[in-house]
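Have a look at the structure below before the remarks.
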């Protein structure tokens, strides 16, 4: 799909040859490109789709199998810095907002800010939040730990200051506050405490 919204399909061998050396992860003069390959030995049709900002910089990349989202997904800021990297094991193969709502994430998903600082590492198990999600200060120190099980916060969530001191804790059960929730002064002394029953 070019900048004017016109769609062109290229499938003859001689015309495809001109794209053989093109790296579609670099800036392009298109809105979107989809490359579909021959059926593999397992009968699957691998493909990928990329989209681009107005300045030509890559915006999104997604692997596809049999026209469905499956494999790597990456997203960039307009300045070229990586924004998001994840694995997807299902969902609509397009790069639209509506398609994104159908994607099933699996494994670690990482997010960065516009300067390239890691902001978060979030774990999924076939679409459900699982394990401990980590959020980071721009310095790289952990800012927050949030444990998940079956898509709900379960266990103790902790928030840290820039010097890695715990400044807040909260216990959860099945996504609800359950047990003590505490805040601490800079010197580590207890500042406040509340107790929750689900």
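Numbering (my numbering), first residue to last: 95 to 292.
Even glycine gets a Cβ: it sits at the ideal position worked out from N, Cα and C.
TODO: For residue 172, I'd like the list of residues in its chain whose CB is within less than 8 Å of its CB, leaving aside the five on either flank, ordered along the chain.
DONE: What you label residue 172 is simply residue 78 of the chain shown in a count that begins at 1. Contacts found: 147, 149, 151 and 153.
TODO: Pull up the CB-CB distance for residue 218 and residue 201, whole angstroms please, since I reckon it's below 8 Å.
DONE: Indexing the chain shown from 1 puts residue 218 at position 124. Indexing the chain shown from 1 puts residue 201 at position 107. Rounded, the Cβ-Cβ distance is 6 Å, consistent with contact.
Open item on the list: Suppose contacts are defined by Cβ-Cβ distances below 8 Å. Is residue 231 in contact with residue 256 by that definition?
Closed with: Here the question's residue 231 lines up with position 137 in the chain shown. Here the question's residue 256 lines up with position 162 in the chain shown. Yes.
TODO: Assuming residue 114 and residue 130 form a contact by the criterion Cβ under 8 Å, report the distance between their Cβ atoms to the nearest whole angstrom.
DONE: Locating residue 114 in the chain shown gives position 20, where the first residue counts as 1. Locating residue 130 in the chain shown gives position 36, where the first residue counts as 1. The pair is not a contact, with the Cβ atoms about 15 Å apart (cut-off 8 Å).
TODO: With a 10 Å radius around its C-beta and 16 neighbouring C-beta atoms as the bar for buried, classify residue 227 as buried or exposed.
DONE: What you label residue 227 is simply residue 133 of the chain shown in a count that begins at 1. Buried, since its Cβ has 16 or more Cβ neighbours within 10 Å.
Task: Residue from 253, 229 and 269 whose Cα sits closest to the Cα of residue 243 - done: On the chain shown, residue 243 is found 149 positions in, with the first residue counted as 1. Looking at the Cα atoms, 269 is the closest of the given residues.
- [ ] For residue 178, name the three-state secondary structure that DSSP assigns.
- [x] Residue numbering aside, residue 178 sits at position 84 when the chain shown is read from its first letter. Residue state, collapsed to three classes: strand.
TODO: Let me know the alpha helix (DSSP H) ranges lying completely inside the stretch 135-211, each 4 residues or longer, listed in chain order.
DONE: 191-194
TODO: To the nearest angstrom, report how far apart residue 205 and residue 162 are at their CA atoms.
DONE: Along the chain shown, one-based indexing puts residue 205 at 111. Along the chain shown, one-based indexing puts residue 162 at 68. If I take the Cα positions, the gap works out to 23 Å.
Task: Among 285, 250 and 259, nearest to residue 273 - alpha-carbon criterion - done: Within the chain shown, the letter at position 179 stands for residue 273. It is 250.
TODO: Out of 248, 175, 159 and 106, state which residue places its alpha-carbon closest to the alpha-carbon of residue 186.
DONE: Residue numbering aside, residue 186 sits at position 92 when the chain shown is read from its first letter. Ranking 248, 175, 159 and 106 by Cα distance to residue 186 puts 159 first.
- [ ] Look at the alpha carbon of residue 136 and the alpha carbon of residue 117, and state the distance between them as a whole number of angstroms.
- [x] Position 42 of the chain shown holds residue 136. Position 23 of the chain shown holds residue 117. When rounded, the distance between both Cα atoms is 26 Å.
Task: Burial state of residue 264 (16 or more Cβ within 10 Å) - done: Taking the first residue of the chain shown as 1, we reach residue 264 at position 170. Classification of residue 264: buried, given that the 10 Å Cβ count is 16 or more.
Task: Residue range of the alpha helix (DSSP H) that includes residue 107 - done: Here residue 107 is taken as the residue at index 13 of the chain shown, counted from 1. Element bounds for residue 107: 107-111.
Open item on the list: Once the 5 residues before and after residue 174 are set aside, which same chain residues still bring their CB inside 6 Å of it?
Closed with: On the chain shown, residue 174 is found 80 positions in, with the first residue counted as 1. These residues qualify, in order along the chain: 151.
Task: Alpha carbon of residue 100 to alpha carbon of residue 197, nearest angstrom - done: For the purposes of this step, residue 100 is taken as residue 6 along the chain shown, with counting starting at 1. For the purposes of this step, residue 197 is taken as residue 103 along the chain shown, with counting starting at 1. Looking at the two C-alpha atoms, the distance is approximately 27 Å.
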